[in-house]
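Everything on this sheet refers to the single structure shown next.
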Amino acid sequence: MITEDSVREVIDTARIEDIVGDFVNLRRRGNNYSGLCPFHNEKTPSFNVNPARNIYKCFGCGVGGDPVKFLMELEQLPFPDAIRWIARKYNIKLEEKEVSQEVREELQEKESLIITNDFARTFYADQLFHTEEGKSIGLSYFRSRGFRRETLAAFDLGYASADSDTLLRAARAAGHKDEQLEKLGLVRNGRDFFRDRVMFTIHNLAGKPIAFAGRILKKDAKAPKYINSPESEIYHKSDVLYGMFQARQAVRKADRIYMVEGYTDVISLHQNGVKNVVATSGTSLTDGQASLVKRFTDNVTLLYDGDKAGVKAALRGVDVLLTSDLNVRVVLLPDGHDPDSYLQAVGTTAFSEYLEAASKDFLYFKADLLLEEAGDDVARRTTAIRDIGATLALVEDPLKRAGYLQQFSGRLGIEESLLVNLVNTAIADRRAQGRKDREREERKVQRERRASGKPGLDPPRAADDGWEGLVEPGWATAESGEVEEAPPTAMPAAPEASSQLAVGHEFQEKYLLQLLVRDGHKLYDEATETSIATYFTGNVADLLNDFDKPVYRELLQTVIAYLQEVGRAPDPTWYTEHADSRWRQIAIDAVATPYTYSPNWREKYGLRLSQKMPEENHRLTAEIFLRIFRMEKIERKCRDNAGLIARYEKDGNFSKLKTHLKVQMKLDEMRRDLARELGTVVLSR
Numbered sequence: 001m002i003t004e005d006s007v008r009e010v011i012d013t014a015r016i017e018d019i020v021g022d023f024v025n026l027r028r029r030g031n032n033y034s035g036l037c038p039f040h041n042e043k044t045p046s047f048n049v050n051p052a053r054n055i056y057k058c059f060g061c062g063v064g065g066d067p068v069k070f071l072m073e074l075e076q077l078p079f080p081d082a083i084r085w086i087a088r089k090y091n092i093k094l095e096e097k098e099v100s101q102e103v104r105e106e107l108q109e110k111e112s113l114i115i116t117n118d119f120a121r122t123f124y125a126d127q128l129f130h131t132e133e134g135k136s137i138g139l140s141y142f143r144s145r146g147f148r149r150e151t152l153a154a155f156d157l158g159y160a161s162a163d164s165d166t167l168l169r170a171a172r173a174a175g176h177k178d179e180q181l182e183k184l185g186l187v188r189n190g191r192d193f194f195r196d197r198v199m200f201t202i203h204n205l206a207g208k209p210i211a212f213a214g215r216i217l218k219k220d221a222k223a224p225k226y227i228n229s230p231e232s233e234i235y236h237k238s239d240v241l242y243g244m245f246q247a248r249q250a251v252r253k254a255d256r257i258y259m260v261e262g263y264t265d266v267i268s269l270h271q272n273g274v275k276n277v278v279a280t281s282g283t284s285l286t287d288g289q290a291s292l293v294k295r296f297t298d299n300v301t302l303l304y305d306g307d308k309a310g311v312k313a314a315l316r317g318v319d320v321l322l323t324s325d326l327n328v329r330v331v332l333l334p335d336g337h338d339p340d341s342y343l344q345a346v347g348t349t350a351f352s353e354y355l356e357a358a359s360k361d362f363l364y365f366k367a368d369l370l371l372e373e374a375g376d377d378v379a380r381r382t383t384a385i386r387d388i389g390a391t392l393a394l395v396e397d398p399l400k401r402a403g404y405l406q407q408f409s410g411r412l413g414i415e416e417s418l419l420v421n422l423v424n425t426a427i428a429d430r431r432a433q434g435r436k437d438r439e440r441e442e443r444k445v446q447r448e449r450r451a452s453g454k455p456g457l458d459p460p461r462a463a464d465d466g467w468e469g470l471v472e473p474g475w476a477t478a479e480s481g482e483v484e485e486a487p488p489t490a491m492p493a494a495p496e497a498s499s500q501l502a503v504g505h506e507f508q509e510k511y512l513l514q515l516l517v518r519d520g521h522k523l524y525d526e527a528t529e530t531s532i533a534t535y536f537t538g539n540v541a542d543l544l545n546d547f548d549k550p551v552y553r554e555l556l557q558t559v560i561a562y563l564q565e566v567g568r569a570p571d572p573t574w575y576t577e578h579a580d581s582r583w584r585q586i587a588i589d590a591v592a593t594p595y596t597y598s599p600n601w602r603e604k605y606g607l608r609l610s611q612k613m614p615e616e617n618h619r620l621t622a623e624i625f626l627r628i629f630r631m632e633k634i635e636r637k638c639r640d641n642a643g644l645i646a647r648y649e650k651d652g653n654f655s656k657l658k659t660h661l662k663v664q665m666k667l668d669e670m671r672r673d674l675a676r677e678l679g680t681v682v683l684s685r
């Protein structure tokens, strides 16, 4: 294992302009460089290299990072290999350190499993090309599908003979242990697991074989058509998409990924020029698979058969893509066709044209389908609209969601304010459940820490600003032990206001993180040596559970822990070189994006913008922004609480009504105090 000192030496030595310059033709522009982005197709350069910060950023597709990340993303190298690549370039001698016996054994075990799988991959290919059984059965099948020799090699296709122990005997002779073969699912009960099947190799992103799938060719009602390797230390099915290794560069270039259901669909489309395609292997999509897609593109198109089963499949498992903030489209193929058969029937050009013409936004596709099925039946139509509203609530991007709300009210034939309420209800329910889940997980972690004798990390106390004693909807009070439900609906609002509100929350959270990355290490108060980071975290610690973006909340929690453990604020480099790629990207975006004041500050809060820019005025910026940030969160609490007041008044629950009227008075008082500090007027509700 490479020592930390060697890793640091490589990172400190690597110059972004040198590394990128090996792959991109760069031209100097002032102090920076620009060129055509290697991650997507473009004719006008939008890819920028900043030597001073040692980072790159593409303002076309949004990618950004440091020299190590550039290599990892472009060449699909794991971190150690990227470090070694740079070390060779700069003639840096790497020091390797001894790892613990436990870690060494774990690494050796995984490497051993990869080696055994690689043997099986080679063995199955040899059986396909060099045995009479393989050629007459397996190779004939692949040729009947139109697969060329180079395609078979690119996807590592093979054949498993009908004999019970062909692979087992060959593996033993090559020195592979039965235990390894069984862990990988290649052997079971002393017999080959895959028999009399054509074989498909499943790769990781580095192209290493991690699993297999076998398809039977004979008609056998008792045998499943496909069988797959079981999960192992190197194969987690929920994190893998078939064909991603072969498709990764094409996905980046096209900035779109096509998803199909079958292995042969992937291979056929790839061979015929549609290379940005992967398969879900007939399973429901998972968070891990959505995260994998997100690493390469934000745009997903699902290809399905046009029959009834295909239509139902199109509605299945898409939620996870929407909650991952992916743009999802659907293409239904003509009846009687799957992607492979339709491609063979019409040819590559017509197929590509059809994909373009028949592509439809998933939300519109779902709405049209459900409304058509409901017809004029009021009950079924109501159910369909609620279903569509719940799906709209999954759209993470507030701007995108606001656009859908404006368009869908006419499509569904209902007032936009009613649809806004429907979506807000679903969002509030999901948020409340998310808070409960996080609290449960945090309590579990604290119990585990106490059980292990490790102290828990409490966030720094927030300033006394009147929050103490407030009951937040969805939480139990220590005195009463009662649990208040999240409001069934959010307060009605004008569509424009609702849309602005949704955008405001995300903007404020993102801007807070930008200030934290860029100015967190600077002093807020020189007398007490209090940093901007300490000032921020001390005043938002009580609002962490109200953050809409989990990644922002996680980053703040980590910064709080860092402040407590290290005693000082992290500088921008700590963020841009953090092990968590999500946080690195947030930091890269922060330091690469010019400072701007939000026009909302003038329009909504009446603030004069004649002051210096934020980088020159970080203390005032921090104070003003923090007040605005807290105001946004208080506004949300006001709306949630007002929803409960309306509900309890309607239900005649005067005890709870009285409690929440007191809460509303306290919230209104806090809003007025903050408004006074901001110099704005708050209207009574």
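Numbered by the UniProt record's numbering, the letters in the sequence shown go through residues 1 to 685 in order. Here a beta-carbon is modelled for each residue, glycine too, at the ideal position from N, C-alpha and C.
(request) Label Glu73 either buried or exposed according to how many other C-beta atoms from any shown protein chain fall within 10 Å of its C-beta, with 16 as the threshold for buried. (result) The residue you call residue 73 lines up with position 73 of the sequence shown. Flag for Glu73 reads buried.
(request) Would you mind listing the alpha helix (DSSP H) stretches within the region 358-396 that are 4+ residues and don't spill past its ends, in chain order? (result) Complete alpha helix (DSSP H) runs here, min 4: 362-374 and 378-392.
(request) Over the uninterrupted beta strand (DSSP E) stretch that includes Ile227, give me the two end residues. (result) In the sequence shown, counting from the first residue as 1, residue 227 sits at position 227. For Ile227, the enclosing beta strand (DSSP E) begins and ends at Tyr226 to Asn228.
(request) Along the alpha helix (DSSP H) that carries His270, what are the first and last residues, could you check? (result) The sequence position of residue 270 within the sequence shown is 270, counting from 1. Looking at the DSSP string, the run of the alpha helix (DSSP H) that includes His270 is Tyr263 to Gln271.
(request) With Val559 as the anchor, note down where its alpha helix (DSSP H) starts and where it stops. (result) Mapped onto the sequence shown, residue 559 falls at position 559. Looking at the DSSP string, the run of the alpha helix (DSSP H) that includes Val559 is Pro550 to Val566.
(request) Return the chain-ordered list of same chain residues with a C-beta closer than 7 Å to the C-beta of Thr166, the five sequence neighbours on each side being excluded. (result) Residue numbering aside, residue 166 sits at position 166 when the sequence shown is read from its first letter. Setting aside the 5 residues that flank it on each side, Thr166 is surrounded in the same chain by Asp192, each with a C-beta closer than 7 Å to its C-beta; the list follows chain order.
(message) Only counting the same chain, and skipping five residues up and downstream in sequence, which positions put a Cβ closer than 6 Å to that of Ala569?
(response) Locating residue 569 in the sequence shown gives position 569, where the first residue counts as 1. Same-chain partners within the cutoff: Gly520, His521, Ser531 and Ala533.
(message) Across the region 240-249 and the region 270-288, are there enough close Cβ pairs to call them in contact, namely three or more that are closer than 8 Å?
(response) As far as the Cβ criterion goes, the region 240-249 touches the region 270-288, which means the pair count is three or higher.
(message) One question on the structure: do Arg183 and Ser144 come within less than 8 Å of each other, judged by their Cβ atoms?
(response) In the sequence shown, the residue the question calls residue 183 occupies position 183. In the sequence shown, the residue the question calls residue 144 occupies position 144. Correcting the residue identity first, residue 183 is Lys in this sequence and not Arg. No, these two residues do not count as a Cβ contact at 8 Å.
(request) Could you please give the first and the last residue of the uninterrupted beta strand (DSSP E) stretch that includes Ser34? (result) As a working mapping, residue 34 is identified with position 34 in the sequence shown. Segment Asn32 to Gly35, the beta strand (DSSP E) holding Ser34.
(request) State the CB to CB distance for the pair residue 719 and Leu555, rounded to an integer number of angstroms; the pair is presumed to be in contact (CB under 8 Å). (result) This structure cannot speak to residue 719, because the chain is shown only from 1 to 685.
(message) Just checking: is the beta-carbon of Ala367 within a distance shorter than 8 Å of some beta-carbon in chain D?
(response) Although the question refers to chain D, the structure presented lacks it and comprises just one protein chain.
(message) If distances are taken between C-alpha atoms only, which option among Asp255, Asn31, Leu322 and Asp673 comes closest to Asp287?
(response) For this step, residue 287 is matched to residue 287 along the sequence shown. The option with the nearest alpha carbon to Asp287 is Leu322.
(message) Rounded to whole angstroms, what is the Cα-Cα separation between Leu71 and Leu36?
(response) Walking along the sequence shown from the start, residue 71 turns up at place 71. Walking along the sequence shown from the start, residue 36 turns up at place 36. Answer to the nearest angstrom: the Cα atoms are 16 Å apart.
(request) Please state whether DSSP places His130 in a helix, a strand or coil. (result) Within the sequence shown, residue 130 is the residue found at index 130, counting from 1. Shown here, His130 sits in a helix according to DSSP, grouped into three states.
(request) Kindly indicate which three-state DSSP category Ala476 falls into: helix, strand or coil? (result) By 1-based counting over the sequence shown, the position of residue 476 is 476. Low confidence applies to Ala476: its pLDDT is 30, below 50, so where it sits in the model is not reliable, and the reading given next is rough at best. Strand.
(request) Would you check if the distance between the CB atom of Asp335 and the CB atom of Asp307 is smaller than 8 Å? (result) For the purposes of this step, residue 335 is identified with residue 335 of the sequence shown, where counting begins at 1. For the purposes of this step, residue 307 is identified with residue 307 of the sequence shown, where counting begins at 1. The answer is yes: Cβ separation under 8 Å.
(request) Please name the residue or residues paired with Asp192 in a DSSP beta bridge. (result) Taking the sequence shown and counting its residues from 1, one reaches residue 192 at position 192. Note: Asp192 sits in a beta bridge opposite Val187.
(message) Cutting at 6 Å between CB atoms, please list the residues of its own chain near Gly138, excluding the five before and the five after it.
(response) Position 138 of the sequence shown, counting from 1, holds the residue named residue 138. Same-chain partners within the cutoff: Leu128, Tyr159 and Val198.
(request) Please say whether Lys57 and Ile588 have beta carbons closer to each other than 8 Å? (result) Sequence index remark: in the sequence shown, residue 588 carries index 588 (1-based). Sequence index remark: in the sequence shown, residue 57 carries index 57 (1-based). With a cutoff of 8 Å on beta-carbon distance, Ile588 and Lys57 are scored as near each other.
(message) For a quick check, are the C-beta atoms of Ala374 and Ala426 less than 8 Å apart?
(response) For the purposes of this step, residue 374 is taken as residue 374 along the sequence shown, with counting starting at 1. For the purposes of this step, residue 426 is taken as residue 426 along the sequence shown, with counting starting at 1. Contact: no.
(request) Take Cys61 and list the residues in its own chain whose beta-carbon comes closer than 7 Å to its own, dropping the five residues that flank it on each side. (result) Here residue 61 is taken as the residue at index 61 of the sequence shown, counted from 1. Counting only Cβ-Cβ distances below 7 Å, and skipping sequence neighbours, we find Cys37, Phe39, His40 and Asp255.
(message) Going by beta-carbon coordinates alone, are Ile115 and Val10 separated by less than 8 Å?
(response) In the sequence shown, counting from the first residue as 1, residue 115 sits at position 115. In the sequence shown, counting from the first residue as 1, residue 10 sits at position 10. No.
(request) Determine the direct distance from the alpha carbon of Ala350 to that of Val551, and round the result to whole angstroms. (result) Within the sequence shown, residue 551 is the residue found at index 551, counting from 1. Within the sequence shown, residue 350 is the residue found at index 350, counting from 1. Whole-angstrom Cα-Cα distance: 42 Å.
(message) For Leu457 and Leu369, I'd like the C-alpha separation in whole angstroms.
(response) Your numbering for residue 457 matches position 457 in the sequence shown. Your numbering for residue 369 matches position 369 in the sequence shown. Because Leu457 sits at a pLDDT of 42, beneath the cut-off of 50, its placement in the model cannot be relied upon, and the following sentence gives the value as read from the coordinates. Cα to Cα, Leu457 sits roughly 50 Å from Leu369.
(message) Check this for me: beta carbons of Leu285 and Gly317, under 8 Å apart or not?
(response) Position 285 of the sequence shown, counting from 1, holds the residue named residue 285. Position 317 of the sequence shown, counting from 1, holds the residue named residue 317. Against a cut-off of 8 Å, the Cβ pair of Gly317 and Leu285 comes out as a contact.
(request) Could you name the residues of the same chain whose beta carbon sits closer than 6 Å to that of Asp196, not counting the 5 residues immediately before and after it, in chain order? (result) Here the question's residue 196 lines up with position 196 in the sequence shown. Taking Asp196 as the centre and dropping the five residues before and after it, the same chain places the C-beta of Ala162 closer than 6 Å to its C-beta, in chain order.
(message) On the DSSP letters alone, give me the boundaries of the alpha helix (DSSP H) that Ile16 sits inside.
(response) Here residue 16 refers to the residue found at position 16 when the sequence shown is read from its first residue. That run of the alpha helix (DSSP H) goes Ile16 to Gly21.
(message) Whole angstroms are fine: how far does the CA of Arg440 sit from the CA of Thr489?
(response) Reading the sequence shown from its first residue, position 489 is the one you call residue 489. Reading the sequence shown from its first residue, position 440 is the one you call residue 440. Only weak support is given to the placement of Thr489: the predicted model assigns it a pLDDT of 30, under 50, and the value that follows is read from those uncertain coordinates. Whole-angstrom Cα-Cα distance: 25 Å.
(message) Run through the DSSP bridge pairs and tell me what Gly65 is partnered with.
(response) Taking the sequence shown and counting its residues from 1, the one referred to as residue 65 is at position 65. Answer is Tyr56.
(message) With DSSP as the reference, identify every bridge partner of residue 688, one or two as the case may be.
(response) For residue 688 there is no data in the structure shown, the boundaries of the chain being 1 and 685.
(message) Let me confirm a value: Asp437 is counted as buried when at least 16 other C-beta atoms fall within 10 Å, else exposed. Which label applies?
(response) In the sequence shown, counting from the first residue as 1, residue 437 sits at position 437. Exposed is the call here.
(request) Would you mind sorting Val24 into buried or exposed? The rule is 16 or more other CB atoms within 10 Å of its CB. (result) Start at 1 with the first residue of the sequence shown, and residue 24 comes out as number 24. Classified as buried, Val24 has 16 or more neighbouring CB atoms from the shown chains inside 10 Å of its CB.
(message) What would DSSP say about Glu468, mapped onto helix, strand or coil?
(response) Your numbering for residue 468 matches position 468 in the sequence shown. Because Glu468 carries a pLDDT of 33, less than 50, the predicted location of this residue cannot be relied on, and the following value inherits that uncertainty. DSSP places Glu468 in coil when its eight states are reduced to three.
(message) Taking 8 Å as the cut-off, does the region 357-367 touch the region 375-382 (at least 3 CB pairs, one atom from each stretch)?
(response) As far as the Cβ criterion goes, the region 375-382 does not touch the region 357-367, which means the pair count is below three.
(message) Quick check on Lys177: buried or exposed, where buried means 16 or more other Cβ atoms within 10 Å of its Cβ?
(response) Taking the sequence shown and counting its residues from 1, one reaches residue 177 at position 177. Exposed.
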